[in-house]
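Notes for the one structure printed next.
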Amino acid sequence: MRKKSRRFKNVNTSSFQEDCCVLCRCSDDDPAMFGEKVTVKEHKFSVHYFCLLTSCGVYQRGEENEGVFGFLLDDINQEIRRAARLTCFGCKKKGACIGCNVRSCRKVVHFPCGRKQKFITQFSEMFPSYCQDHSPTQTLCVDSDFSLPQSCSICLDSIDPVLSYSVLKCPSCHASWFHRDCVQRQAHSAGLFFFRCTLCNNKENFQKEMLRMGVYIPERDASWELEPNAYSELLEVYNRCDSAICLCNNGRTHSVKKGWFEVIRCCLCGSRGTHRKCSSLKLDTTDWACTDCINATDGKASLVASPQGSHKRSLLSKRHLSPMPSPLDYKRPCTRVRSETPEKLLQSLLPHCYVASTQVEVHGDQALLAGLDLVRRANFNPMHSLSVRFKDEQHTTIASTLCDGDTTKTYFLKLLMQQIQNSVVFEGPNGSKNLALDSQALREDLYFDIGSLLALCLVYGGPPIGFFSHALYQCLFNYPANCPLTINHMTPETHFTREVHRIAAAESLDEVKEVMKGSWEYLELAGCNRPVTSLEERDALVEDLVSFTMITRMQLPLQRLREGLHTLGVFDQVQLFRSVFVGVFCEATQPLKAEMLGQLFTINLSEQEEKLNKETPVVTFWRHLLLECEVGRSSISLQDILHFATGADKLPAAGLSPPPSISFLHHPASSQVRLEEQNEKKVEWWVEALFPQSKPVSNNLILPVTSTYKAFKSSMEQAISHHVHLLPLDA
Numbered sequence: 001m002r003k004k005s006r007r008f009k010n011v012n013t014s015s016f017q018e019d020c021c022v023l024c025r026c027s028d029d030d031p032a033m034f035g036e037k038v039t040v041k042e043h044k045f046s047v048h049y050f051c052l053l054t055s056c057g058v059y060q061r062g063e064e065n066e067g068v069f070g071f072l073l074d075d076i077n078q079e080i081r082r083a084a085r086l087t088c089f090g091c092k093k094k095g096a097c098i099g100c101n102v103r104s105c106r107k108v109v110h111f112p113c114g115r116k117q118k119f120i121t122q123f124s125e126m127f128p129s130y131c132q133d134h135s136p137t138q139t140l141c142v143d144s145d146f147s148l149p150q151s152c153s154i155c156l157d158s159i160d161p162v163l164s165y166s167v168l169k170c171p172s173c174h175a176s177w178f179h180r181d182c183v184q185r186q187a188h189s190a191g192l193f194f195f196r197c198t199l200c201n202n203k204e205n206f207q208k209e210m211l212r213m214g215v216y217i218p219e220r221d222a223s224w225e226l227e228p229n230a231y232s233e234l235l236e237v238y239n240r241c242d243s244a245i246c247l248c249n250n251g252r253t254h255s256v257k258k259g260w261f262e263v264i265r266c267c268l269c270g271s272r273g274t275h276r277k278c279s280s281l282k283l284d285t286t287d288w289a290c291t292d293c294i295n296a297t298d299g300k301a302s303l304v305a306s307p308q309g310s311h312k313r314s315l316l317s318k319r320h321l322s323p324m325p326s327p328l329d330y331k332r333p334c335t336r337v338r339s340e341t342p343e344k345l346l347q348s349l350l351p352h353c354y355v356a357s358t359q360v361e362v363h364g365d366q367a368l369l370a371g372l373d374l375v376r377r378a379n380f381n382p383m384h385s386l387s388v389r390f391k392d393e394q395h396t397t398i399a400s401t402l403c404d405g406d407t408t409k410t411y412f413l414k415l416l417m418q419q420i421q422n423s424v425v426f427e428g429p430n431g432s433k434n435l436a437l438d439s440q441a442l443r444e445d446l447y448f449d450i451g452s453l454l455a456l457c458l459v460y461g462g463p464p465i466g467f468f469s470h471a472l473y474q475c476l477f478n479y480p481a482n483c484p485l486t487i488n489h490m491t492p493e494t495h496f497t498r499e500v501h502r503i504a505a506a507e508s509l510d511e512v513k514e515v516m517k518g519s520w521e522y523l524e525l526a527g528c529n530r531p532v533t534s535l536e537e538r539d540a541l542v543e544d545l546v547s548f549t550m551i552t553r554m555q556l557p558l559q560r561l562r563e564g565l566h567t568l569g570v571f572d573q574v575q576l577f578r579s580v581f582v583g584v585f586c587e588a589t590q591p592l593k594a595e596m597l598g599q600l601f602t603i604n605l606s607e608q609e610e611k612l613n614k615e616t617p618v619v620t621f622w623r624h625l626l627l628e629c630e631v632g633r634s635s636i637s638l639q640d641i642l643h644f645a646t647g648a649d650k651l652p653a654a655g656l657s658p659p660p661s662i663s664f665l666h667h668p669a670s671s672q673v674r675l676e677e678q679n680e681k682k683v684e685w686w687v688e689a690l691f692p693q694s695k696p697v698s699n700n701l702i703l704p705v706t707s708t709y710k711a712f713k714s715s716m717e718q719a720i721s722h723h724v725h726l727l728p729l730d731a
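Just so we're aligned, residue 1 is where the sequence shown starts under this note's numbering, counting upward by one.
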């Protein structure tokens with residue numbers, strides 16, 4: 001006998017509204033959360049299926065077609081009378097009919113109150129319920145290097161990866177986490193035959209665990225399989241001419257069996273068509289490919305040469321619109337780490353060992369051309385280290401002040417990032433760029449190449465990107481999730497933006513119609529050329545136009561940029577920690593602060609007590625100098641100090657490697673004797689003659705050991721100013 005329903009109700013059922021459940025007194029009609037609500041008109045009451053199933057004092061003694069789901073009406077009324085004496089632990093009202101299955105526990109609740117009080121009901125056998133203190137729990141059993149997910153694997157909204165009543169996980173893959181309400185709604189929709197983990201596709205263990213944790217799984221087919229005529233549209237044949245200009249007098253939907261005005265469907269997708277006459281096809285032509293398919297396959301998959309795709313393409317355009325074998329074949333899987341700083345996350349993507357070195361030759365300052373040449377090589381492997389050489393117009397190697405390989409590479413990546421920002425694939429004000437639609441860039445697959453170069457810059461020590469608009473970041477990574485774009489996100493001073501602003505600024509319906517009449521071409525292109533009868537419809541039209549301009553028409557560039565960012569696993573890492581990387585992609589680099597620079601360097605003090613006593617005051621001198629540089633009381637800046645010590649004028653997105661350190665420069669031991677023999681004035685002169693040194697390869701700064709702050713500051717300013725003069729920051 002199956003144990004069922006419980007919830008509260010007075011003996012006099014007529015005192016309740018007919019649409020309220022007699023057990024829980026709620027009128028909610030949500031089958032996924034409360035089960036189906038049945039109204040018995042002759043007895044003038046309604047009841048939820050879950051309330052019957054979970055109630056302690058009623059059982060299914062009838063057949064399925066008797067009473068309510070096999071629960072006899074007399075039994076339901078008796079349960080109502082029993083529950084009327086019990087007070088709910090949650091709302092403190094009478095009528096509670098669900099009790100904790102632990103005998104010593106006296107907590108009873110209504111079914112909706114039970115959800116709020118974190119009761120778990122197992123929808124199997126006798127349908128036992130457990131309060132929060134006695135309910136079953138899940139355990140977190142994952143490897144130490146496994147990174148917890150940040151979003152629900154069903155709704156994709158953000159999730160706090162802490163196991164609780166409202167957060168569950170898959171017992172098999174441990175990577176699929178979801179909200180309780182999300183998995184309950186999925187179970188209600190998928191049914192017993194299709195309910196499984198969204199990531200690992202496990203069914204048996206997943207269903208068993210979900211039943212244990214209180215998820216109801218209906219014993220039926222999926223809801224989409226039960227809809228009448230659910231797949232009737234699959235039997236329809238597309239029969240419309242989609243040519244820019246239709247020559248048929250009888251309209252676009254007219255089609256004859258054979259002749260000039262027979263509608264020929266795309267041989268690849270079948271969802272586009274054209275009259276033979278409208279696309280200048282021959283009478284015997286039966287194979288035709290639409291423009292979308294030709295662009296997606298670069299013309300290689302079409303059976304015939306379409307008139308719209310007959311123009312020649314450059315060699316670069318034939319590289320790959322499907323995933324490229326070069327960068328993507330060598331793509332490393334995203335390394336899972338627990339730290340949530342962008343520097344450490346990007347450092348985890350660095351190859352553990354370089355298998356080879358790739359030579360990059362930069363002619364003049366053409367860093368972008370050199371980068372494109374790099375990623376377009378047939379043997380390009382992003383796992384190789386970069387070796388950069390600059391050449392002048394006579395193709396001779398520049399014996400420049402870029403004295404070592406790391407400094408040259410850092411300068412190249414900085415220059416490359418600047419030129420990417422100003423390339424044709426981006427538009428908008430500096431620091432807030434959106435993606436631009438450029439036909440030549442599409443033909444050359446430039447969006448993919450730019451994505452690959454951005455990934456290389458981030459991982460191999462380049463500066464943060466910083467120039468993406470928040471709208472572009474949202475389009476790429478869906479962060480913040482499900483947040484609609486507005487007109488303020490559009491690129492200023494473009495034709496489309498001006499058109500949308502004109503429609504949004506219209507104050508009356510007549511003005512809206514007048515503006516729409518002048519913008520009919522844009523509206524037709526966006527599929528939004530529809531009548532507007534109120535200002536509310538005007539607002540909806542503006543939303544559709546923004547979505548079309550920012551997302552719909554940019555689908556291919558966005559997709560190719562994403563695929564390029566997959567190089568070295570950058571896209572996967574950002575997708576896991578979207579909130580962490582916003583500053584790397586969207587916000588300009590924060591100015592250096594004294595505290596930031598001080599924490600950046602690890603101070604290596606000597607172990608000898610004599611040297612340690614001399615070095616300790618210098619540490620204080622160093623910190624005081626940083627504060628004076630920050631407020632402008634020194635002839636050098638914090639940026640000058642960073643450049644002197646590491647060769648970088650900005651902190652790279654992946655941080656400095658190896659970590660910067662500070663050591664100390666003491667007087668030579670052999671000179672100490674001579675110092676003692678000289679007078680005090682000469683000793684001071686000798687101390688002031690000590691200057692700081694740097695080793696950019698190891699990011700090591702060597703501070704002079706002086707007796708006074710004045711001598712320390714003077715030596716630092718002279719050495720660093722001389723260095724900056726020889727090697728300007730923007731050289």
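For glycine and all other residues, C-beta sits at the position ideal for the given N, C-alpha and C. Because the structure is a prediction, the values reported are computed rather than measured.
Exposed unless 16 or more other CB atoms sit within 10 angstroms - verdict on residue i
i    : result
F193 : exposed
W520 : exposed
W224 : exposed
A378 : exposed
Q474 : buried
H566 : buried
H275 : buried
W622 : buried
L612 : exposed
V500 : buried
C-alpha distance - residue i paired with residue j, whole-angstrom precision
i    : j    : result
M213 : R560 : 41 Å
Y59  : I551 : 54 Å
F581 : T341 : 8 Å
M716 : F691 : 7 Å
S661 : T358 : 29 Å
T139 : D640 : 52 Å
G270 : K344 : 48 Å
W260 : A441 : 36 Å
G431 : F468 : 7 Å
G114 : I98  : 8 Å
T286 : Q555 : 30 Å
Range of the contiguous alpha helix (DSSP H) that encloses residue i
i    : result
P31  : 31-34
Q138 : No alpha helix (DSSP H) contains Q138, which DSSP labels as neither H nor E.
H643 : 638-646
Integer Cβ distance of residue i from residue j, believed to fall under 8 Å
i    : j    : result
V109 : F123 : About 17 Å; that fails the 8 Å criterion.
N434 : A471 : 6 Å
Y238 : R265 : 6 Å
F644 : I702 : Rounded, the Cβ-Cβ distance is 11 Å, inconsistent with contact.
F50  : Y216 : 7 Å
Host beta strand (DSSP E) of residue i (start-end)
i    : result
I390 : A small fix is needed here, since residue 390 is Phe in this sequence, not Ile. Per DSSP, F390 belongs to the beta strand (DSSP E) from 385-391.
T620 : First-last for T620: 609-631, but that is the alpha helix (DSSP H), not the beta strand (DSSP E).
V167 : 167-169
R498 : No beta strand (DSSP E) contains R498, which is instead part of the alpha helix (DSSP H) from 495-505.
G430 : This sequence places Asn at residue 430; Gly is not what is there. Neither: N430 is in no beta strand (DSSP E) and is coded neither H nor E.
E361 : 357-363
S255 : No beta strand (DSSP E) contains S255, which DSSP labels as neither H nor E.
N177 : According to the sequence shown, residue 177 is Trp rather than Asn. Note, W177: beta strand (DSSP E), 177-179.
G462 : Unbroken run through G462: none, as it is neither H nor E.
Beta carbon proximity, residue i to chain C, threshold 8 Å
i    : result
F548 : Absent here is chain C; the protein component of the structure consists of one chain.
Within the chosen definition, does the stretch 173-183 reach the stretch 244-264 through at least 3 CB pairs nearer than 8 Å? no
Within 8 Å, do at least three Cβ pairs link the stretch 155-168 to the stretch 193-205? no
Would you check if there are 3 or more beta carbon pairs closer than 8 Å linking the stretch 406-426 to the stretch 358-367? yes
Cβ pair count under 8 Å reaching 3, the stretch 584-603 against the stretch 643-659: yes
Three or more C-beta pairs below 8 Å linking the stretch 487-500 and the stretch 599-615: no
Segment contact, 8 Å Cβ cut-off, at least three pairs: the stretch 617-631 with the stretch 703-716: yes
Across the stretch 74-88 and the stretch 47-66, are there enough close Cβ pairs to call them in contact, namely three or more that are closer than 8 Å? yes
Does the pairing of the stretch 536-553 with the stretch 567-576 give three or more beta-carbon distances under 8 Å? no
Please determine if the stretch 126-136 and the stretch 36-44 are in contact, where contact requires at least 3 C-beta pairs separated by less than 8 Å. no
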